[in-house]
Amino acid sequence: LADLNRDTGLTILMVTHDVARVEPYLNHVFCLESGSMIELARAQLLEELGHRHKHPVNPDCACCEPAEVS
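Residues in the sequence shown are numbered consecutively from 8, following the numbering used here.
What follows is the structure, given as structure tokens:
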């Protein structure tokens, strides 16, 4: 998939709860929290992967607290 993306410029959308597994392939991350979309920059993602947040659906969720998306 990474070759296809690089060679053709094709956008690839992955939906997963295992962010750590797909992290090497990410350019942008959008997390959903209570129906709101949160975008994380790559640096934020790497920082968040070091933390484990308790979440009612997924206790290992690597998403941050809800924030305004501008």
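By construction, the Cβ of each residue, glycine as well, lies at the ideal position given by its N, Cα and C atoms. It should be emphasised that the depicted structure is a prediction, and the values quoted were computed from it without experimental measurement.
Coil, strand or helix - residue i by DSSP
i: L11; result: helix
i: V22; result: coil
i: A27; result: helix
Residue of the options minimising C-alpha distance to residue i
i: P34; options: M44, S41 and I19; result: According to the sequence shown, residue 34 is Asn rather than Pro. That would be I19, whose Cα lies nearest to the Cα of N34.
i: D10; options: Y32, H24 and R28; result: Y32
Cβ separation of residue i and residue j, assumed to be a contact under 8 Å, to the nearest whole Å
i: V36; j: V26; result: 7 Å
Beta carbon proximity, residue i to chain B, threshold 7 Å
i: Y32; result: In the displayed structure, chain B is absent; only one protein chain is listed.
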